[in-house]
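Below is one structure, written out as structure tokens; the observations come after it.
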Amino acid sequence: MGTTCRIEATAHYHDRDRAKRGLVAAEAALRRVEALMSTYLLDSELARLNAADAGKMISLSPQTLEVLRAARELADQTRGAFDATCRPVIELWKRAGRQNRLPEAEALAEARQASTWDQIELRGSGAVKRRASASVDLGGIAKGYGIDRAVAALRSAGCAGGLVDVGGDIRCFGKRPGGGYWTIGVRNPFRPEQTELVATLRIPAGAVCTSGNYFRFVEIGGSRYSHIIDPRTGKPADAAPSVTVVAPTATTADAWATALSVLGTDGLKLLPTGAGIEAMLIVGTPDRWRIHMTKGFRSLLAGEVKAPARPPAATEPSPAGTQ
Ligand code: AMP
Ligand code: MG
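Set out below in structure tokens:
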């Protein structure tokens, strides 16, 4: 998935074999999701679907189908802001970055029309494309899904608790060594190379995913363009330098973090109510920034939010996970 991962497992000392088994199973679960859905691997199941001709039934694993269904549902919930079918547009911007030249408006419009959910039919055991150009990029959701599968593997191995961190997207559950809540830090999007934190969350269990334009972007003509595309315009999203979402599952948190990066604070009203989804957005620039958060997010904070562009405080607590 183009990033690093960290898996922790908790077990009683006399049960430590469970933790070992859990770690092995969790890593295998992550690698399986990567092999099926990665955009970095040319022979993934998803790559096969993307390369397929129109009208040809492509059989897919239940896991890939589950993520495709979740992605399609999220496209509805987010009014199209989360759209895994905008892969041709994503590829166009990647190419633009390599060539150091902004894409032409015409090419963007063409790429946008080349692939939509209307052109992909999901069936019981696979998918059929209505147009050969239709293609899917699960980069905004598959990492979250992999984290959920890894957590499920830790649980079924009998671990008392655990944490899975893939590139700063995290899910944790159960007991921590030493007890207490899991603490997860949110990095300063304006100084990502520093370990200083804008906020620290304390949660008993659940997922925390952050989308930002600070680690992954393309540079064209000296300007940085986000790797997240606004499907409505085909242009890189610039609504929020950093979005952190807390949700029961990492699949949900991952996709909503990407969606809110497109929608900005306007998107907060689209969050489903009663689903345990909370969000914090840092908007603006290092000189003029604002932090918006849902009430439920505020209640998970350990201490005050810190101004993002200030130098780090000397006595920063050391978090279990940072992003
Ligand atoms: P994340 O880092 O989780 O926000 O995911 C970003 C990745 O999701 C990008 O690198 C693309 O692969 C993909 N992506 C970009 N824009 C969108 C979008 N509007 N909807 C769904 N996926 C997207
Ligand atoms: Mg995401």
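Numbering (our numbering), first residue to last: 14 to 336. Even glycine gets a Cβ: it sits at the ideal position worked out from N, Cα and C.
Checklist entry - Can we count Pro244 as close to ligand 1, meaning its CB is less than 7 Å from some heavy atom? => result It does: the Cβ of Pro244 is within 7 Å (strictly closer) of some heavy atom of ligand 1.
Next on the checklist: Contact criterion: CB-CB distance below 8 Å. Does Asp279 meet it with respect to chain C?
Outcome noted: No chain C appears in this structure, which consists of one protein chain only.
Checklist entry - Beta carbon of Thr257: closer than 7 Å to some heavy atom of ligand 4? => result Looking at this structure, you won't find ligand 4 anywhere; what it does contain is ligand 1 and ligand 2.
Checklist entry - Do Phe203 and Pro249 have their C-beta atoms within less than 8 Å of each other? => result Not closer than 8 Å, so no.
Next on the checklist: Would Ala155 and Ala38 qualify as a contact pair, given that the criterion is a beta-carbon distance under 8 Å?
Outcome noted: No, Cβ-Cβ distance for Ala155 and Ala38 is not below 8 Å.
Checklist entry - alpha helix (DSSP H) containing Asp89: first to last residue? => result From DSSP, the alpha helix (DSSP H) with Asp89 extends over Pro75 to Gln90.
Next on the checklist: Whole angstroms are fine: how far does the CA of Trp269 sit from the CA of Tyr53?
Outcome noted: Spanning the alpha carbons of Tyr53 and Trp269 requires a straight line of approximately 22 Å.
Checklist entry - What's the gap between the Cα of Asp267 and the Cα of Ala118? => result Near 29 Å, if we compare the C-alpha coordinates of Ala118 and Asp267.
Checklist entry - Is it the case that the Cβ atoms of Ala120 and Ile160 are separated by a distance below 8 Å? => result Result no, Cβ atoms of Ala120 and Ile160 do not sit closer than 8 Å.
Item to check | Proximity test, Thr286 beta-carbon vs ligand 2 heavy atom, cut-off 7 Å | outcome: Because no heavy atom of ligand 2 lies under 7 Å away, the Cβ of Thr286 does not count as near it: no.
Next on the checklist: For ligand 1, I want to know if Ile99 counts as a neighbour, meaning its beta carbon is within less than 7 Å of at least one of the ligand's heavy atoms.
Outcome noted: The displayed chain sequence assigns Cys, not Ile, to residue 99. True, at least one ligand heavy atom lies under 7 Å from that Cβ.
Item to check | Cβ-heavy atom distance, Lys156 to ligand 1, below 7 Å | outcome: Yes.
Item to check | Cβ-Cβ distance between Ala147 and Thr98 below 8 Å | outcome: A contact, by the Cβ cut-off of 8 Å.
Checklist entry - For Ala65, which residues from the same chain have a beta carbon less than 7 Å from its beta carbon, with the 5 sequence-adjacent residues on both sides left out? => result Taking Ala65 as the centre and dropping the five residues before and after it, the same chain places the C-beta of Ile71 and Lys142 closer than 7 Å to its C-beta, in chain order.
Checklist entry - Thinking C-alpha only, which one of Pro321, Gly297, Asp300 and Ile290 is nearest Leu313? => result Sorting Pro321, Gly297, Asp300 and Ile290 by C-alpha distance to the C-alpha of Leu313 places Ile290 at the top.
Next on the checklist: Please classify Leu105 as buried or exposed, where buried requires at least 16 neighbouring CB atoms within 10 angstroms.
Outcome noted: By the Cβ neighbour-count rule, Leu105 is buried, with 16 or more other Cβ atoms within 10 Å of its own.
Next on the checklist: With H, G and I counted as helix, E and B as strand and the rest as coil, what does DSSP make of Glu134?
Outcome noted: Strand at Glu134.
Checklist entry - First and last residue of the beta strand (DSSP E) that includes Phe310? => result Per DSSP, Phe310 belongs to no beta strand (DSSP E); it is in the alpha helix (DSSP H), Lys308 to Arg311.
Item to check | Start and end residues, alpha helix (DSSP H) containing Leu167 | outcome: Run containing Leu167: Ala155 to Ser169, per the alpha helix (DSSP H) assignment.
Item to check | Beta-carbon proximity check, Val231 vs Gly110, cutoff 8 Å | outcome: It is a contact, given that the beta carbons lie within the stated cut-off.
Next on the checklist: Distance check for Asp28 and Gln90, CA to CA, integer angstroms please.
Outcome noted: The C-alpha of Asp28 is placed about 43 Å away from the C-alpha of Gln90.
Item to check | Straight-line gap, Gly316 to Arg82 (C-alpha atoms, nearest Å) | outcome: Rounded to the nearest angstrom, the two C-alpha atoms are 38 Å apart.
Next on the checklist: Quick check on the burial criterion: 16 or more other C-beta atoms within 10 angstroms. Buried or exposed for Gly100?
Outcome noted: Reading off the sequence shown, one finds Arg at residue 100, where the question assumed Gly. Burial call: buried.
Item to check | Between the CA atoms of Gln132 and Leu210 - distance to the nearest angstrom | outcome: Cα-Cα distance, rounded: 43 Å.
Item to check | Residues of its chain near Arg144, where Cβ-Cβ distance is below 7 Å and the 5 sequence neighbours each way are ignored | outcome: Excluding five sequence positions before and after Arg144, the CB atoms of its chain that fall closer than 7 Å to its own CB belong to Ala67 and Gln132, given in chain order.
Checklist entry - Are the CB atoms of Thr23 and Gly175 nearer to each other than 8 Å? => result Yes, they are a contact pair.
Checklist entry - Just how far apart, CA to CA, sit Pro217 and Lys188? => result In a straight line, the C-alpha of Pro217 is about 8 Å away from that of Lys188.
Checklist entry - What separation, rounded to the nearest whole angstrom, lies between the Cα atoms of Ala252 and Pro205? => result Approximately 18 Å between the Cα atoms of the pair.
Checklist entry - How about Leu273 and Ala260: do their beta carbons lie closer than 8 Å? => result Not a contact, by the Cβ cut-off of 8 Å.
Next on the checklist: Considering only heavy atoms of ligand 2, does any lie closer than 7 Å to the CB of Cys18?
Outcome noted: Not so, every heavy atom of ligand 2 lies at least 7 Å from the Cβ.
Checklist entry - Helix or strand or just coil, what does DSSP make of Val149? => result Note: Val149 maps to coil in three-state DSSP.
Item to check | Per-residue DSSP class, three states only, for Gly174 | outcome: Residue state, collapsed to three classes: strand.
Next on the checklist: If you measure between the beta carbons of Thr246 and Arg215, is that distance less than 8 Å?
Outcome noted: In this structure, Arg215 does not lie closer than 8 Å to Thr246 by Cβ.
Checklist entry - Is Thr271 near ligand 2, with its Cβ less than 7 Å from a heavy atom? => result At least one heavy atom of ligand 2 lies less than 7 Å from the C-beta of Thr271.
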